[in-house]
Amino acid sequence: MRVRWWHSLRLRIAGVILLLEALLLGVVLWATLDHDREKARQLIREQDRVVLELLAQDARQALLTLEFDTLGDLFRRAASNPRILRILLLDRRGMVVASDDRRLLGRRRQALPPPPPDSYRRRISIEDLAGSRGTLEVRFSTRRLQQIYRESWRLGLTLGLAGILLSMLAALAVGHLLTRRLTRLTRYAESVAGGRPAEPVRLGGQDEVSALARAIDTMVVSLHDQTSRMRRMAYRDPLTGLANRVAFRERLEKALASARRYHSR
C-alpha cells in the first residue's frame, strides 16, 4: 500500500522537530539580542558619561576664567567623533558661550536649530560653591547604536536559519531511518496477508520498532502453526490419524476425474 506524501510519518516527524526547533531558536535569538542590546545601551551610556565628565572639567575652568576660545577648539576636536553631533556650553542665562559651531555663539536655547531625529541629548550642570554656573550639553547620534542592532539581527537571523536548516536535515534523516524499518514491516505483513512466503523480519536493536518486528514474527509463526493444524484436522481424524471423509471425498473425486479422462481417450 502506497502512502501519500502528505500522510507520510517521515514528514510529520520532520515538521514537528522543525517547528520545535524554530520556536526554540526564536526564543533564544530574541533573548540573546535583547541582552546584547541592553549591554550595548549600558556601554554607550558609560561612554557618554565619560565624555561629559571630561568636557565638563574644561568647561568649568572656562566659566571661571571666561576664556572660551580654547574650549571651542576642544569642542570642535571632540565633535570630529562621528557619534557626537553637537557640543554646547550655556551660561546661567541660557546663552551659548562655547560650541563646536561658531554660528551658535550668543544664541539663547530657544533660538537653537531643532536637533536631528536620530539623536539624543546628554547634559550636565556645571556647579561650584557659588551655585550653578552653566550647563554642558552634548548631542549624540543614534546611528552607531542602530548599526549595532542591525548587525546583531543579521547575525542572529543567519545563525538561526542555519540552525533550522540543519535541524530539518537531521529530522528528515531520523524520519527516514524510522519509516524505512516500518516499510519493511508493512511489506512483510502484506506478503503474509497475500499468502506469499516471506522471510521473517529481523530488525536489530531494542527499541519499540524492533519489539514490534519480533511480535509480528511470533504472530506469523503462530498463524502458520494453527493453519497447518487446521489443515491436518480437516483431512485426518484427530484421534486415529486416519483419513476422514473430506480426504476420502477429495481422493475419490480425483480418481473419478482421472478415470473419465482415461475412458475418453
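Converting from the sequence shown to the numbering used here requires adding 14 to each position, the first position being numbered 1. Don't be surprised by glycine CBs; every beta carbon is placed ideally from N, CA and C.
Residues that DSSP places opposite residue 149 in a beta bridge = For residue 149, which the question treats as bridged, DSSP gives the partners 104, 139.
8 angstroms CB neighbourhood of residue 15 in its chain, flanking five on each side removed | Unreliable placement is indicated for residue 15, whose pLDDT of 49 sits below 50; no coordinate value is reported for it.
Per DSSP, residue 134 forms a beta bridge with which residues?
-> 154
Verify whether the separation of the beta carbon atoms of residue 111 and residue 99 is less than 7 angstroms.
-> no
Report the three-state DSSP secondary structure of residue 32 (helix, strand or coil).
-> helix
Can you check whether the CB of residue 77 is closer than 7 angstroms to the CB of residue 148?
-> yes
Are residue 32 and residue 166 touching if we call contact CB-CB under 7 angstroms?
-> no
Near residue 132, what residues of its chain come up, given a Cβ to Cβ distance below 8 angstroms and the 5 sequence neighbours on each side ignored?
-> 155, 156, 157, 160
Go ahead and label residue 151 buried or exposed: buried means 16 or more other beta carbons lie within 10 angstroms of its beta carbon, across all protein chains shown.
-> Buried.
Nearest to residue 170 (by Cα), restricted to the options 40, 28, 239, 30 | 40
What is the rounded straight-line gap between the Cα of residue 129 and the Cα of residue 36?
-> Straight across, the Cα-Cα distance linking residue 129 with residue 36 is about 42 angstroms.
Helix or strand or just coil, what does DSSP make of residue 97?
-> coil
DSSP state of residue 210 mapped onto helix, strand, coil = coil
Please work out which residues of its chain come closer than 6 angstroms, Cβ to Cβ, to residue 137, disregarding the five sequence neighbours upstream and downstream, and give them in chain order.
-> For residue 137, where only same-chain residues beyond five positions count, the Cβ hits under 6 angstroms are 149, 151.
Using CA coordinates, which residue listed in 124, 177, 185, 70 is at the minimum distance from residue 146?
-> 70
Flag this pair as yes or no: are the beta carbons of residue 74 and residue 178 separated by less than 7 angstroms?
-> no
Would residue 189 be called buried (16 or more neighbouring beta carbons within 10 Å of its own) or exposed?
-> buried
Within the same chain, show all residues whose beta-carbon is closer than 8 angstroms to that of residue 270, passing over the 5 residues directly before and after it, in chain order.
-> none
Per-residue DSSP class, three states only, for residue 122 = If DSSP states are grouped into helix, strand and coil, residue 122 belongs with the strands.
Measuring CA to CA, which of 87, 58, 62, 61 is closest to residue 72?
-> The shortest Cα separation from residue 72 among 87, 58, 62, 61 belongs to 87.
For residue 9, count neighbouring Cβ atoms within 10 angstroms of its own Cβ and tell me buried if that reaches 16, exposed if not.
-> Outside the shown range of the chain (15 to 279) lies residue 9, about which nothing can therefore be said.
Is DSSP giving residue 215 helix, strand or coil here?
-> Three-state result, residue 215: coil.
Which residue comes first and which comes last in the alpha helix (DSSP H) that contains residue 92?
-> 83-92
Mapping DSSP to helix, strand and coil, what is residue 112?
-> Reduced to three states, the DSSP call for residue 112 is strand.
So is residue 195 buried or exposed if we call it buried at 16+ other beta carbons inside 10 Å?
-> Counting other Cβ atoms within 10 Å of its Cβ, residue 195 reaches 16 or more and is therefore classed as buried.
For residue 193, count neighbouring C-beta atoms within 10 Å of its own C-beta (all shown protein chains included) and say buried if the count is 16 or more, exposed if not.
-> buried
Hey, is residue 265's beta-carbon within less than 7 angstroms of any beta-carbon in chain B?
-> The structure shown contains no chain B, having only a single protein chain.
Pick from 82, 236, 61, 191 that is closest to residue 113, judged by C-alpha positions = 82
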